[in-house]
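Enquirer: The following block contains the structure, expressed as structure tokens.
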Amino acid sequence: MKTDVQIAQEAKMLPIVDIAKDLGLKEDDIELYGKYKAKISLDVYKKLEDKPDGKLVLVTAINPTPAGEGKTTTNVGLSMGLNKIGKKTITALREPSLGPCFGVKGGAAGGGYAQVVPMDDINLHFTGDIHAITTANNLLAALLDNHIKQGNLLEIDPTKITWKRCLDMNDRALRDIVIALGGTGNGIPRQDGFDISVASEIMAILCLATSMTDLKERLKKMIVGYTYDNKPVTANQLHATGSLALLLKDAIKPNLVQTLENTPAIIHGGPFANIAHGCNSVMTTKTALKIADYVVTEAGFGADLGAEKFFNIKCRYAGLKPDAAVVVATVRALKNHGGVPRTELNNENMEALEKGFGNLEKQIENVQKFGVPVIVAINAFPTDTKQELKFVEERCREMGADAVLSEVWANGGEGGVALAKRVVEVVESGKANFKPLYDLDMPIKEKIETIAKEIYGADGVDFTAKAEKEIAKYDSIGLSKLPICMAKTQYSLSDNPKLLGRPSGFRVTVSNVRASAGAGFLVALTGDIMTMPGLPKVPAANKMDILESGEIIGLF
Numbered sequence: 000m001k002t003d004v005q006i007a008q009e010a011k012m013l014p015i016v017d018i019a020k021d022l023g024l025k026e027d028d029i030e031l032y033g034k035y036k037a038k039i040s041l042d043v044y045k046k047l048e049d050k051p052d053g054k055l056v057l058v059t060a061i062n063p064t065p066a067g068e069g070k071t072t073t074n075v076g077l078s079m080g081l082n083k084i085g086k087k088t089i090t091a092l093r094e095p096s097l098g099p100c101f102g103v104k105g106g107a108a109g110g111g112y113a114q115v116v117p118m119d120d121i122n123l124h125f126t127g128d129i130h131a132i133t134t135a136n137n138l139l140a141a142l143l144d145n146h147i148k149q150g151n152l153l154e155i156d157p158t159k160i161t162w163k164r165c166l167d168m169n170d171r172a173l174r175d176i177v178i179a180l181g182g183t184g185n186g187i188p189r190q191d192g193f194d195i196s197v198a199s200e201i202m203a204i205l206c207l208a209t210s211m212t213d214l215k216e217r218l219k220k221m222i223v224g225y226t227y228d229n230k231p232v233t234a235n236q237l238h239a240t241g242s243l244a245l246l247l248k249d250a251i252k253p254n255l256v257q258t259l260e261n262t263p264a265i266i267h268g269g270p271f272a273n274i275a276h277g278c279n280s281v282m283t284t285k286t287a288l289k290i291a292d293y294v295v296t297e298a299g300f301g302a303d304l305g306a307e308k309f310f311n312i313k314c315r316y317a318g319l320k321p322d323a324a325v326v327v328a329t330v331r332a333l334k335n336h337g338g339v340p341r342t343e344l345n346n347e348n349m350e351a352l353e354k355g356f357g358n359l360e361k362q363i364e365n366v367q368k369f370g371v372p373v374i375v376a377i378n379a380f381p382t383d384t385k386q387e388l389k390f391v392e393e394r395c396r397e398m399g400a401d402a403v404l405s406e407v408w409a410n411g412g413e414g415g416v417a418l419a420k421r422v423v424e425v426v427e428s429g430k431a432n433f434k435p436l437y438d439l440d441m442p443i444k445e446k447i448e449t450i451a452k453e454i455y456g457a458d459g460v461d462f463t464a465k466a467e468k469e470i471a472k473y474d475s476i477g478l479s480k481l482p483i484c485m486a487k488t489q490y491s492l493s494d495n496p497k498l499l500g501r502p503s504g505f506r507v508t509v510s511n512v513r514a515s516a517g518a519g520f521l522v523a524l525t526g527d528i529m530t531m532p533g534l535p536k537v538p539a540a541n542k543m544d545i546l547e548s549g550e551i552i553g554l555f
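Sequential numbering of the sequence shown, starting at 0, is according to numbering that gives the first Met the number 0.
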């Protein structure tokens with residue numbers, strides 16, 4: 000069986016200028032990054048702003064398991080399937096982070112015969128967007144420490160600095176460090192740390208900005224720390240806005256590539272959904288909606304994370320109204336949620352499937368809470384039995400969500416035609432009546448509790464003394480009306496990664512709350528969630544190589 004890399008390397012890609020022409024884009028609308036990648040000018044959206052939007056379909060999933068769900072694969076395959084039935088479609092995805100690429104997951108560009116290409120470029124440095132974000136983030140950190148060293152006119156308290164450095168790599172040794180050792184010439188020693196780049200507020204800002212002007216306005220508001228008398232200090236006060244925007248002048252532009260079947264794909268921005276808002280850029284989605292009949296986008300991890308933030312944060316800020324949502328699940332993953340170990344997932348187990356179905360049931364309910372109709376995509380595996388598939392289909396139908404078998408991994412767009420047809424039927428029925436889950440005027444704690452109870456199924460929320468103190472501070476400085484971005488394990492509906500399926504009788508612990516004032520949300524950290532992951536015992540990087548011929552091995 001061919002690997003994903005081998006399939007991708009055999010792809011017959013069209014020059015990206017041809018993909019652009021098919022979308023109605025002119026030569027001046029794109030900036031080439033070689034033969035198969037391009038940036039889309041921000042002027043494209045401005046020129047098409049008054050044109051009616053196409054239809055927006057979100058692809059989300061159950062809580063991920065080691066058995067795999069195939070959310071990105073389904074997204075790509077559905078897009079190709081929609082094109083096969085005559086719908087001008089764009090797939091819209093996030094950019095992969097190098098951290099998980101070299102850590103646990105390997106690449107993140109789809110799989111089998113439902114991939115975006117050039118797969119190796121997309122998974123590695125791509126067009127340099129994440130590098131630009133990393134550099135901007137660390138420039139601000141350097142300006143901050145330099146300001147303190149050069150006299151500290153703003154009277155920043157070194158013990159109250161909140162801005163961290165970042166790196167697009169899983170490096171647990173950098174979570175908590177001490178900087179500026181070696182004498183006074185190196186600055187003022189203090190405790191510091193690194194986040195992974197995709198957790199940087201600048202990544203979130205890039206993905207929520209609607210223009211260069213909006214980007215700069217958001218950058219201005221970023222809080223880097225507090226003064227000795229507890230007043231917030233912003234990037235604007237450090238006179239950093241212009242230089243940060245300059246570093247992001249190209250990164251803000253969406254990236255155009257293609258699928259294996261030459262369906263246009265826009266891949267831009269890459270915030271994680273467990274520690275950030277988990278959606279590709281607003282500019283990607285809004286631009287795609289102007290030039291396509293259908294836009295198939297995605298939000299990270301399960302619907303309890305990515306979809307919730309897509310609806311409550313991205314759609315709220317961007318004025319988006321999704322027409323339908325596809326929830327991806329596999330029989331294998333549901334059995335894993337039902338307690339079956341990975342080694343036994345090929346065996347039929349109806350009892351475990353019924354127990355694990357609770358996770359899918361809750362994710363369907365979660366999407367329906369936002370007034371968005373649901374289609375379940377069952378990502379097919381050869382080991383699935385007729386009885387197992389029939390059970391899932393019948394239970395989904397009872398919940399008002401049709402289940403459709405998806406075979407895009409093996410058959411590409413042809414394997415997604417049935418799903419595509421059902422999506423079109425649901426979208427054209429006009430049943431969507433989107434609404435956010437909570438009102439922004441609600442108190443901070445009440446918004447957090449609403450998400451925990453309504454989306455996770457928790458009995459309530461426990462706030463640590465530190466979290467209570469931070470919430471009181473944000474109330475006092477006028478940040479109480481921002482939406483909430485929950486930082487939570489992706490593996491469970493709860494904040495405990497070991498509670499699989501549909502747990503009940505649990506409470507969520509909020510250990511801290513951070514302000515992303517520029518991005519426009521408050522981050523509530525739950526459980527043991529970390530913003531700098533570590534590598535596993537055997538990292539994926541250990542199995543990667545490149546041959547003299549240029550062939551890549553082990554990327555996915």
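For glycine and all other residues, C-beta sits at the position ideal for the given N, C-alpha and C.
Thinking just about the alpha-carbon of each residue, which of His-238, Ser-196 and Gly-224 is nearest to the one in Glu-216?
Expert: Out of His-238, Ser-196 and Gly-224, His-238 has the C-alpha closest to the C-alpha of Glu-216.
Enquirer: Check whether the segment 239-259 touches the segment 115-133, taking contact to mean three or more Cβ pairs, one atom from each stretch, closer than 8 Å.
Expert: At 8 Å Cβ cutoff, the stretches touch.
Enquirer: Can you tell me the Cα-Cα spacing of Gly-76 and Gln-114, whole angstroms?
Expert: Cα to Cα, Gly-76 sits roughly 8 Å from Gln-114.
Enquirer: Are the CB atoms of Asp-3 and Gln-531 within a distance shorter than 8 Å?
Expert: The identity of residue 531 in the sequence shown is Met, whereas the question assumes Gln. In this structure, Asp-3 does not lie closer than 8 Å to Met-531 by Cβ.
Enquirer: Give the secondary structure of Leu-288 by DSSP, where H, G and I count as helix, E and B as strand, and everything else as coil.
Expert: It is helical.
Enquirer: Could you tell me the distance, in whole angstroms, from the CA atom of Ile-178 to the CA atom of Arg-189?
Expert: Between Ile-178 and Arg-189, the C-alpha separation is close to 6 Å.
Enquirer: Give the DSSP-derived three-state secondary structure of Val-103 in the structure shown.
Expert: In this structure, Val-103 counts as coil in the three-state DSSP scheme.
Enquirer: Which partner residues does Met-485 have in the DSSP bridge list?
Expert: Met-485 is bridged to Ala-523.
Enquirer: Rounded to whole angstroms, what's the CA-CA distance from Glu-406 to Thr-233? Just pull it up for me.
Expert: Distance between the alpha carbons of Glu-406 and Thr-233: 50 Å.
Enquirer: Applying the criterion that 16 or more other CB atoms from any shown protein chain within 10 Å of the CB defines a buried residue, is His-336 buried or exposed?
Expert: Its Cβ being crowded by 16 or more others within 10 Å, His-336 is buried.
Enquirer: How is Arg-174 classed by DSSP in three states: helix, strand or coil?
Expert: DSSP places Arg-174 in coil when its eight states are reduced to three.
Enquirer: What number of angstroms, rounded off, separates the C-alpha of Gly-111 from the C-alpha of Ser-280?
Expert: Rounded to the nearest angstrom, the two C-alpha atoms are 26 Å apart.
Enquirer: How would you call Glu-564, buried or exposed, if buried means at least 16 neighbouring beta carbons within 10 angstroms?
Expert: Only positions 0 to 555 of the chain appear in this structure, which leaves residue 564 out of reach.
Enquirer: Rounded to whole angstroms, what's the CA-CA distance from Glu-424 to Val-403? Just pull it up for me.
Expert: About 13 Å.
Enquirer: Taking the Cβ atom as the reference point for each residue, do Val-522 and Glu-297 lie within a distance shorter than 8 Å?
Expert: The answer is no: Cβ separation not under 8 Å.
Enquirer: Decide if Pro-253 is buried, meaning its Cβ has at least 16 other Cβ atoms within 10 Å, or exposed.
Expert: The residue is buried, with at least 16 neighbouring Cβ atoms inside 10 Å.
Enquirer: Quick check: the segment 71-91 against the segment 307-324, are there 3 or more CB pairs under 8 Å?
Expert: The segment 71-91, when compared against the segment 307-324, does not touch it at the 8 Å Cβ threshold.
Enquirer: In chain order, what residues of the same chain have a beta carbon less than 7 Å from the beta carbon of Tyr-225, not counting five sequence neighbours either side?
Expert: Result list for Tyr-225: Asp-156, Lys-159, Pro-231 and Val-232, in chain order.
Enquirer: Pull up the distance between the alpha-carbon of Lys-219 and that of Ala-514, whole angstroms please.
Expert: Taking the straight line from one Cα to the other gives about 14 Å.
Enquirer: Between the C-alpha atoms of Phe-390 and Asp-401, what's the straight-line distance to the nearest angstrom?
Expert: Taking the straight line from one Cα to the other gives about 12 Å.
Enquirer: Determine the DSSP secondary structure at Val-325, reduced to helix, strand or coil.
Expert: DSSP places Val-325 in strand when its eight states are reduced to three.
Enquirer: For Val-325, which residues in the same chain have their Cβ closer than 6 Å to its Cβ, ignoring the five residues on either side in sequence?
Expert: Around Val-325: Val-58, Ile-374 and Ala-376.
Enquirer: For my contact list, Met-79 and Thr-262 are in at a C-beta cut-off of 8 Å; report their separation, rounded to the angstrom.
Expert: Between Thr-262 and Met-79 the Cβ distance is about 5 Å, and since that is below 8 Å, they are a contact.
Enquirer: Taking Cβ to Cβ, would you say Gly-102 is nearer than 8 Å to Pro-496?
Expert: Not closer than 8 Å, so no.
Enquirer: Between Leu-568 and the rest of its own chain, which residues show a CB-CB distance below 7 Å, the 5 nearest in sequence each way excluded?
Expert: Nothing about residue 568 can be read from this structure; the chain reaches only from 0 to 555.
Enquirer: Excluding the 5 residues flanking Phe-602 on each side, which residues of the same chain have their C-beta closer than 8 Å to its C-beta?
Expert: Because the chain in this structure spans residues 0 to 555, residue 602 falls outside the shown range and cannot be described.
Enquirer: Return the first residue and the last residue of the beta strand (DSSP E) that Ala-91 is part of.
Expert: Counting along the chain, the beta strand (DSSP E) containing Ala-91 begins and ends at 88-92.
Enquirer: Is DSSP giving Ile-443 helix, strand or coil here?
Expert: Three-state result, Ile-443: helix.
Enquirer: Keeping to the same chain, check which residues put their C-beta closer than 7 Å to that of Pro-63; ignore five residues upstream and five downstream.
Expert: Counting only Cβ-Cβ distances below 7 Å, and skipping sequence neighbours, we find Phe-300, Gly-301, Gln-489 and Tyr-490.
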